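The next block holds one structure in the form of structure tokens; read it before the comments.
Number of protein chains: 4
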Amino acid sequence: MNYQIILEQIHSDITPLLGQGKVATYIPALSIADPNDFAMTLHLITGEVFHVGHVQKTFSIQSISKVFMYCMALSLFEDKIQGRVGVEPSGSSFNSLVQLEYENGIPRNPFINPGAIVIADMLVTHFGELADDEILQFFRNSCDDFSITINQEIAASEHDSGFRNLALASLMKSFGNIHNRLEPILDTYFNACSIEANTTQLARSILHLAHNGIDPITSNVLLHPQHVKRINALMLTCGHYDASGEFAYKIGLPAKSGVGGGIIAVVPDVMSIAVYSPALNSHGNSLIGTKALELFAAYTGHSIFSKS
Amino acid sequence: MNYQIILEQIHSDITPLLGQGKVATYIPALSIADPNDFAMTLHLITGEVFHVGHVQKTFSIQSISKVFMYCMALSLFEDKIQGRVGVEPSGSSFNSLVQLEYENGIPRNPFINPGAIVIADMLVTHFGELADDEILQFFRNSCDDFSITINQEIAASEHDSGFRNLALASLMKSFGNIHNRLEPILDTYFNACSIEANTTQLARSILHLAHNGIDPITSNVLLHPQHVKRINALMLTCGHYDASGEFAYKIGLPAKSGVGGGIIAVVPDVMSIAVYSPALNSHGNSLIGTKALELFAAYTGHSIFSKS
Amino acid sequence: MNYQIILEQIHSDITPLLGQGKVATYIPALSIADPNDFAMTLHLITGEVFHVGHVQKTFSIQSISKVFMYCMALSLFEDKIQGRVGVEPSGSSFNSLVQLEYENGIPRNPFINPGAIVIADMLVTHFGELADDEILQFFRNSCDDFSITINQEIAASEHDSGFRNLALASLMKSFGNIHNRLEPILDTYFNACSIEANTTQLARSILHLAHNGIDPITSNVLLHPQHVKRINALMLTCGHYDASGEFAYKIGLPAKSGVGGGIIAVVPDVMSIAVYSPALNSHGNSLIGTKALELFAAYTGHSIFSKS
Amino acid sequence: MNYQIILEQIHSDITPLLGQGKVATYIPALSIADPNDFAMTLHLITGEVFHVGHVQKTFSIQSISKVFMYCMALSLFEDKIQGRVGVEPSGSSFNSLVQLEYENGIPRNPFINPGAIVIADMLVTHFGELADDEILQFFRNSCDDFSITINQEIAASEHDSGFRNLALASLMKSFGNIHNRLEPILDTYFNACSIEANTTQLARSILHLAHNGIDPITSNVLLHPQHVKRINALMLTCGHYDASGEFAYKIGLPAKSGVGGGIIAVVPDVMSIAVYSPALNSHGNSLIGTKALELFAAYTGHSIFSKS
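The listed protein sequences derive, respectively, from chains F, S, V and D. According to our numbering, the first sequence is numbered sequentially starting from 7. According to our numbering, the second sequence is numbered sequentially starting from 7. According to our numbering, the third sequence is numbered sequentially starting from 7. According to our numbering, the fourth sequence is numbered sequentially starting from 7.
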């Protein structure tokens with residue numbers, strides 16, 4: 007398959023759609039993103055890399071950080087996570103607090119905000135207030151690139167506007183499912199969201215999820231094979247909030263989106279993918295990024311549900 | 007891989023667990039099932055079949071019928087389904103009516119009761135009151151076995167105790183999402199649930215879902231390849247009510263359970279699976295059947311999320 | 007106090023508002039009501055009656071019938087009601103089915119639809135399928151006027167469009183809180199809603215609720231004094247769906263509205279009131295009728311919460 | 007009516023019940039209350055006072071403070087409250103966060119925690135961080151007793167265990183319905199809850215609510231007559247969480263309970279009442295206190311819904 011031609015076809019297909027959707031505006035640093043930006047990177051486990059668009063453009067990874075935090079937690083705590091965070095899709099976004107209240111402060115899964123906040127709490131228990139630095143190191147290590155940083159301006163803005171996250175954390179603490187003070191947990195969480203990367207770095211960072219947990223370039227073992235399956239399963243069932251079912255239905259690949267406009271995806275045993283376009287659809291996922299992955303699935307036939 | 011030895015190991019592993027769980031009791035015909043029954047069939051796309059346990063024992067397929075009804079609907083109506091039934095996981099079971107009310111009578115997906123009732127309504131619009139017979143023929147055709155029948159006693163019992171389904175149908179009708187009279191729709195739905203089969207027949211009936219929609223034995227085209235992906239995606243994200251996430255997380259195969267104790271599963275491009283054991287876990291899925299599939303995934307490494 | 011002058015002042019005050027609000031349209035017979043109709047009757051326990059507007063105009067009493075059904079049930083079944091229907095405000099209308107599901111099919115109070123349906127079930131158990139006739143007789147007796155009838159056309163329309171009520175009844179039956187077949191219960195309920203009266207008859211029918219259960223004109227004992235307090239308390243806390251609190255806050259009198267445009271109210275130990283105007287506000291209560299009662303409370307100072 | 011004899015009869019009636027119910031345990035200072043304590047005071051608008059039990063025993067007024075905060079707010083802000091806090095019963099307690107989320111951060115009424123927190127926010131806007139002191143002064147003034155203080159130990163404990171209140175405040179802030187920093191608002195709220203009084207002081211403090219807003223002893227005007235009606239209406243519809251309907255139904259008097267074991271009640275134009283007993287029923291209201299008021303209503307016939 008000629009992936010470069012496919013990428014260029016996708017680029018050509020999505021160009022007329024640029025301008026649709028809305029850039030996130032809840033913090034200033036996100037609202038200034040250029041809605042015409044688009045980038046897509048394919049990283050094959052053979053080492054080949056294919057690119058199209060603004061692949062050097064960095065953006066905050068936002069909720070994509072939840073994948074890395076959960077990778078760390080799976081390795082560190084494994085079965086201890088069970089009982090504190092579930093693995094079920096969350097139904098619809100409107101009821102995050104509702105579900106949390108009915109379900110006694112146990113979040114549905116680690117890819118919704120309250121779930122990631124509990125994971126942050128577990129990391130703070132383990133690493134202390136340097137947990138955010140450990141997450142950054144883990145991410146740098148995953149993409150074998152130590153130039154990556156946290157955008158402190160974005161982290162500060164997230165913190166200032168983060169009253170819903172404070173509400174979620176407080177509610178869970180009232181149920182006993184948060185063990186540390188709220189401040190360092192939320193700092194860790196907001197800092198992880200504010201890691202900046204481009205699609206080249208992001209695709210590289212999850213290459214091991216397409217290769218049983220082993221980075222095929224460095225041969226470093228980053229994750230247990232059993233954990234790789236679980237991360238991929240969670241990305242499929244819970245990776246796109248209340249559009250996860252539709253993503254699985256139309257695209258059929260494990261993937262995770264962030265409100266910064268990035269999406270990562272995995273074709274198991276074949277490649278990792280990262281796509282970027284900051285304008286969002288009504289579910290809070292990159293509109294063009296989702297479309298690009300839909301086209302990718304159609305053109306290549308790659309799907310975990312069947313050969314095309 | 008020696009599948010026969012694996013099946014026998016699974017049988018041996020689950021034997022001490024027989025007696026756990028609870029047989030469904032809401033209708034008499036289900037409550038008399040023997041909790042010690044267990045059967046498992048693997049049907050490879052090469053034609054090889056492996057069995058263990060009471061593989062001639064028939065049981066009502068219950069919610070597994072939702073898969074066949076949706077296969078028919080996808081072929082017949084395709085995009086017209088959109089707008090009347092979604093493709094998202096439903097969150098938790100407790101709120102079936104809640105979600106339906108908030109979401110204006112549009113069910114989350116076709117594998118929960120209200121979703122299947124809308125599909126039944128579409129089939130009644132298309133086939134008239136013979137819709138149930140058409141579903142039976144479709145199922146017979148899928149397993150290439152025309153001896154299969156509907157258990158009328160079970161269908162009648164389902165009908166008599168089906169006030170929650172009547173509530174769901176009435177609510178959707180009040181929202182305009184049911185077009186026919188309630189009686190023939192519910193008859194169709196209850197009759198489809200009351201189709202009886204054994205694991206041999208069930209595994210055979212979904213073999214095409216492991217083979218791009220083509221029955222590898224007869225070479226009949228039963229489903230469009232694109233629809234196969236969608237059915238498999240839906241089984242993965244929505245096949246086990248509010249335990250769908252856990253099933254994907256632990257087992258990693260598209261599958262659908264029924265309250266009669268059956269579960270069907272697909273290893274894309276490799277095989278179809280049917281397992282039977284009537285005692286249920288707290289989510290209403292076969293307790294032993296789920297365990298058997300977990301062992302199968304562990305022993306074979308089969309998963310859509312990675313090679314083991 | 008010169009009540010006639012007060013009524014005329016109210017009439018003059020509300021005239022500019024005629025045309026606001028919306029007549030109920032869910033059944034044809036209601037949708038043809040004239041939004042300019044207005045009538046108000048005060049019936050003092052001394053026997054004096056004051057009128058303004060179209061006081062001979064009849065309309066279907068709709069949910070006002072729930073008061074009479076509950077009066078009958080209190081006398082007949084008393085403490086047996088407890089456990090099947092509560093006495094708490096229902097929160098907001100949006101969640102009628104939600105609450106019913108969470109609360110295991112026990113309706114919040116007898117003045118919301120599911121509550122009245124359970125009361126209808128109890129009356130059907132007691133009176134058989136003639137329960138609707140018994141309700142009509144009770145109402146006729148309460149207003150000492152035997153010319154009152156049920157509008158069969160409205161009853162039939164209610165029945166044909168009553169799928170939400172069927173959903174509520176089915177759900178409660180699935181929880182075991184409905185004992186009879188659904189058909190006669192819903193017939194009873196819809197027939198009671200379709201009783202027609204004018205404001206003169208309505209005010210007369212509840213005069214005993216302002217007089218410890220005794221009709222001051224005929225001296226007939228219609229209700230136990232303890233039950234009068236309870237009916238009045240329920241009207242205050244639950245009489246106007248999710249605007250009950252605001253009605254108590256602004257008007258301070260026990261009252262019950264119907265979607266046909268009528269409202270009844272009680273000034274304990276002083277008088278009964280009926281008002282009619284068919285255009286409804288967003289809560290489903292008569293917009294002009296509510297306004298008229300607000301003006302009445304302001305002009306007279308009558309309130310159960312304090313002398314003015 | 008011989009109120010002293012009635013009080014003694016009530017005391018005798020409730021004595022066998024002492025020991026039922028459970029003292030609040032969420033903070034240490036509350037958990038040490040003696041479940042055998044009981045006190046009841048009637049304060050007539052004529053100036054006569056009747057007592058029974060431990061009437062010198064002080065306790066934290068807890069949610070009863072919400073009445074005083076709302077009295078202040080009505081006088082200071084009047085119509086500006088509308089739009090930020092409603093006047094509807096809240097349905098059931100289980101869904102405080104649920105309702106708040108659906109209703110965009112606008113609490114149902116000022117007598118549930120989120121409603122009182124918004125009122126505290128308004129008072130902080132008006133008075134700055136001395137708002138708690140102003141509330142204390144208002145309360146002291148209402149009972150004409152300047153010895154009353156805030157129990158700082160209780161206030162500190164409330165603060166330390168108040169994560170659910172922090173969750174409520176954060177959620178409302180995320181909706182823009184909290185204007186100040188969370189810290190001073192919650193301090194104000196917890197300090198008001200921690201005011202200590204005995205039944206003599208409490209009955210005295212609300213005497214004006216039985217007398218059109220005028221303290222009949224000092225002739226001080228404490229509240230506008232229109233506001234008195236509204237406070238009494240709110241106490242009736244919203245004074246006892248999800249047992250408000252039952253309280254209105256059985257007792258028929260405006261009243262407000264606190265988790266410290268106190269209840270205040272008003273017989274409009276006749277008297278004010280305070281009762282104390284710290285063991286709570288399942289709704290969080292004083293079990294013996296509720297029973298005492300039920301007996302009071304039965305023995306005296308006092309009700310806002312009818313003469314007995």
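By construction, the Cβ of each residue, glycine as well, lies at the ideal position given by its N, Cα and C atoms. What you are looking at is a predicted structure, and each value in this text was computed from that prediction instead of being measured.
Residues near residue i in its chain [Cβ-Cβ closer than 6 angstroms; skip 5 each side]
i: S/GLN10; result: PHE56
i: S/ASP139; result: none
i: V/GLU135; result: PRO190
i: S/HIS233; result: LEU80
Euclidean distance between Cα positions of residue i and residue j
i: V/SER180; j: V/LEU106; result: 11 angstroms
i: S/ILE33; j: S/LEU299; result: 27 angstroms
i: V/SER159; j: F/GLY290; result: Before going on, a small fix: residue 159 of chain V reads as Glu here, not Ser. The alpha-carbon atoms of V/GLU159 and F/GLY290 are separated by roughly 50 angstroms.
i: S/LEU215; j: F/ASN8; result: 28 angstroms
i: V/ILE51; j: V/ILE257; result: 20 angstroms
i: D/GLY111; j: D/VAL124; result: 10 angstroms
i: D/PRO274; j: D/SER211; result: 15 angstroms
i: V/GLU164; j: V/MET46; result: 26 angstroms
i: V/PHE302; j: F/ALA39; result: 59 angstroms
i: V/VAL281; j: V/VAL272; result: 12 angstroms
i: V/ASP221; j: D/LYS235; result: 29 angstroms
Where residue i sits in the DSSP three-state scheme
i: S/ILE191; result: helix
i: V/SER37; result: helix
i: D/ASN101; result: Summary for D/ASN101: the model assigns pLDDT 48, below 50, so the residue's position carries little reliability; its value from the coordinates is reported in the next sentence. The answer is helix: DSSP assigns D/ASN101 an H, G or I state.
i: F/PHE65; result: strand
i: V/GLU300; result: helix
Residue i, buried or exposed, once every other Cβ within 10 Å from all chains shown has been counted against 16
i: S/GLN88; result: exposed
i: S/GLU94; result: buried
i: S/SER96; result: buried
i: S/ASN226; result: exposed
i: D/PHE311; result: buried
i: D/GLY59; result: buried
i: F/ASN171; result: buried
i: F/HIS132; result: exposed
i: F/SER153; result: exposed
i: F/GLU252; result: buried
i: S/PRO113; result: buried
i: V/GLY25; result: exposed
7 angstroms CB neighbourhood of residue i in its chain, flanking five on each side removed
i: D/ASN101; result: Note that D/ASN101 scores a pLDDT of 48, beneath 50, so its modelled location is shaky; the value from the coordinates is reported in the next line. So no residue of the chain qualifies.
i: S/THR64; result: GLU202, ALA203, ASN204
i: V/VAL130; result: ALA137, ASN186, PRO190, ILE191, THR194
Own chain partners of residue i with C-beta closer than 8 angstroms, once the 5 adjacent residues on each side are dropped
i: D/PHE117; result: SER69, LYS72, VAL73, TYR76, LEU240, MET241, CYS244, GLY245, LYS262
i: D/LEU188; result: LEU172, ALA175, SER176, LYS179
i: F/SER250; result: PRO95, LEU242, THR243, CYS244
At a CB distance below 7 angstroms, what residues from the stretch 256 to 283 of chain S approach chain F? Give them in sequence order. GLY258, PRO260, PRO274, ASP275
Name the residues in the stretch 157 to 182 of chain D whose C-beta lies less than 9 angstroms from a C-beta of chain F; which are they? SER167, GLY168, PHE169, ARG170, ASN171, LEU172, ALA173, LEU174, ALA175, SER176, LEU177, MET178, LYS179, SER180, PHE181
Proximal residues, the stretch 107 to 125 of chain D versus chain F, C-beta separation under 7 angstroms: GLU107
Scan the stretch 179 to 206 of chain V for residues whose Cβ lies nearer than 9 angstroms to a Cβ of chain S and list them as they occur along the chain. LYS179, SER180, PHE181, ILE184, LEU188
Closer than 8 angstroms, Cβ to any Cβ of chain S: which residues of the stretch 234 to 248 of chain F, in chain order? VAL234, LYS235, ARG236, ASN238, ALA239, LEU240, LEU242, THR243, CYS244, ASP248
When Cβ atoms are compared, which residues of the stretch 282 to 310 of chain V fall closer than 7 angstroms to chain D? SER309, ILE310
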